[in-house]
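**Student:** Dumping the structure here so I can ask a few things about it.
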Amino acid sequence: MSAGASKIVNAVLYELGWACCVFGAAWGYPLLGGGLALLLVLVHLWLAQERRTEVRLIALAIALGILVDSSQQAFGLLSFKPDALGLWLPLWVFVIWAQFATLFHYALSWLVDRPLVAMLFGLVGGPLAYGGGIRLGAAEFGPNPTLSLIVLAVIWSLVVPLMAWLSTRIGYPSGQYRGVFERSNYA
1 MSAGASKIVN
11 AVLYELGWAC
21 CVFGAAWGYP
31 LLGGGLALLL
41 VLVHLWLAQE
51 RRTEVRLIAL
61 AIALGILVDS
71 SQQAFGLLSF
81 KPDALGLWLP
91 LWVFVIWAQF
101 ATLFHYALSW
111 LVDRPLVAML
121 FGLVGGPLAY
131 GGGIRLGAAE
141 FGPNPTLSLI
151 VLAVIWSLVV
161 PLMAWLSTRI
171 GYPSGQYRGV
181 FERSNYA
């Protein structure tokens, strides 16, 4: 699959996964939403040429996500709708961070060598993503939504460049998915 097609497929997988997580939580089916999004992460891994690199980046993103979202929840900046597992964070939050990691070798690879652009992307995109999830009912801001948005902007202006940097440190795959639908040379 070409790099351009891979980026489009990757972005679609991410957006579908985000929607599954957020709508699942908002509509009272957080485990189903998280499970469907997890399947989309597995599709990404199935298509990826360098799975080990992707798995390592996903693991780092989940660890970062635990730190970021647990801290925000502990400080009362936001809260997530719980799921039946009863963890301090619902399953879909872990999965959405895994989904986010899948972007850096594909759809967001253009940010890797542009740290200031990555900061701006996070500064705006982070609060927009969380705000969208909150408006849909998957989470809630704390008592001071303005403070929550400011903190989200600052955190995400650091998270996106950090993830871009990490994506190059653990390996820099081609950014192309395997050509699963292309005709084999062996046929």
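Letter by letter, the sequence shown follows residues 1 to 187 in full-length UniProt numbering. Note that the Cβ used here is the ideal one computed from N, Cα and C, for glycine as well. Quick caveat, the model's predicted, so the values are computed rather than measured.
Between which two residues does the beta strand (DSSP E) containing L103 stretch?
**Tutor:** Where L103 is concerned, there is no enclosing beta strand (DSSP E), given that its DSSP letter is neither H nor E.
**Student:** Look at the alpha carbon of W46 and the alpha carbon of A61, and state the distance between them as a whole number of angstroms.
**Tutor:** Going from the Cα of W46 to the Cα of A61 covers about 19 angstroms.
**Student:** Put A5 into one of helix, strand or coil per three-state DSSP.
**Tutor:** Reduced to three states, the DSSP call for A5 is helix.
**Student:** Put A118 into one of helix, strand or coil per three-state DSSP.
**Tutor:** Note: A118 maps to helix in three-state DSSP.
**Student:** Nearest CA to the CA of V41: which residue from C20, A5, D113 and G122?
**Tutor:** Considering only alpha carbons, the answer is C20.
**Student:** Using the C-alpha atoms, what's the distance from A164 back to L140?
**Tutor:** Per the sequence shown, residue 140 should be read as Glu rather than Leu. Taking the straight line from one Cα to the other gives about 28 angstroms.
**Student:** Classify L136 as helix, strand or coil using the three-state DSSP reduction.
**Tutor:** It is helical.
**Student:** Alpha carbons only, please: which of L166, S157 and Y14 is nearest the one belonging to V117?
**Tutor:** The shortest C-alpha separation from V117 is found at S157.
**Student:** Could you tell me the alpha carbon to alpha carbon distance between L32 and G171, rounded to whole angstroms?
**Tutor:** Rounded to whole angstroms, L32 to G171 spans 32 angstroms at the Cα level.
**Student:** Under the rule that 16 or more other beta-carbon atoms within 10 Å means buried, what is E54, buried or exposed?
**Tutor:** It is buried - the Cβ of E54 has at least 16 other Cβ atoms within 10 Å.
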